[in-house]
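Novice: Sharing a structure, written as structure tokens. Questions coming.
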Amino acid sequence: MLAKRCKFAKIAFMKSSPFPNRLTLRSCDATNLSIGQESVVREGYTFDEFRSGMPVLDAEEILEQWEPANPGSVALYLNLAIGWDNDPGADNFAFRLITNALRDRLRERLRSDIYVEEFDWPSVKQSMLNILRKCERPTWDESLANLRKRFDWEYEGMAGA
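First residue of the sequence shown: 1, per this note's numbering; consecutive thereafter.
Put into structure tokens, the structure is as follows:
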């Protein structure tokens, strides 16, 4: 009986966040890595496609609708625009999402690399949101320090960064 109470208390604790979700994923876009993957995501539209009046999807809609020919052979560079509170601005953070089947084809491994067995956009997006929740702290600077441990920050290496 005591074990059941402890498990319930742990679940209840994890659901209540100490912060009010101040970090927000504003946008996400993806670019294919050139490491021999079988499945590539669309990286935009041609001028002729724009002129034709065809429906144009934003980057996240493209990822949501993409069904890779081989979900186990995907390598993407993802850029996340992450903002704070109601501030309209955002900082860019990036990482490489690589399926395990392609892991050995990388010339170098980065600390921000994330490996998955297969590409599944809803799972990837949920994982990104979970990382944001784990990185969030009471201030932007404290949150930024945690985000920089997980992703490559656009201002990394600049004076004062």
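All C-beta atoms, glycine included, are put in the ideal place defined by N, C-alpha and C.
Confirm, please, whether the CB-CB distance from valine 41 to leucine 63 is below 8 Å.
Specialist: Sequence index remark: in the sequence shown, residue 63 carries index 63 (1-based). Sequence index remark: in the sequence shown, residue 41 carries index 41 (1-based). Against a cut-off of 8 Å, the Cβ pair of valine 41 and leucine 63 comes out as a contact.
Novice: List in chain order: all unbroken alpha helix (DSSP H) runs of 4+ residues lying wholly within the region 23-100.
Specialist: Runs found: 47-52, 59-65.
Novice: Can you find the residues in the same chain that come closer than 6 Å, C-beta to C-beta, to alanine 75, ignoring five residues on each side of it along the sequence?
Specialist: Here residue 75 corresponds to residue number 75 of the sequence shown, with the count starting at 1. Within the same chain, alanine 75 has close Cβ partners Leu33, Ile35, Gln37, Ile98, Leu102.
Novice: Please state if the CB of glycine 83 and the CB of threonine 24 are separated by a distance shorter than 8 Å.
Specialist: Working through the sequence shown from its first residue, we reach residue 24 at position 24. Working through the sequence shown from its first residue, we reach residue 83 at position 83. Yes, the Cβ-Cβ distance between threonine 24 and glycine 83 is below 8 Å.
Novice: Buried or exposed for glutamate 67, please, with buried defined as at least 16 other CB atoms from any protein chain shown within 10 angstroms of its CB.
Specialist: Stepping through the sequence shown from its first residue, residue 67 is reached at position 67. Per the 10 Å Cβ criterion, exposed.
Novice: Please report the straight-line C-alpha distance between alanine 94 and glutamine 65, rounded to a whole angstrom.
Specialist: Position 94 of the sequence shown, counted from the first residue, corresponds to residue 94. Position 65 of the sequence shown, counted from the first residue, corresponds to residue 65. Answer to the nearest angstrom: the Cα atoms are 21 Å apart.
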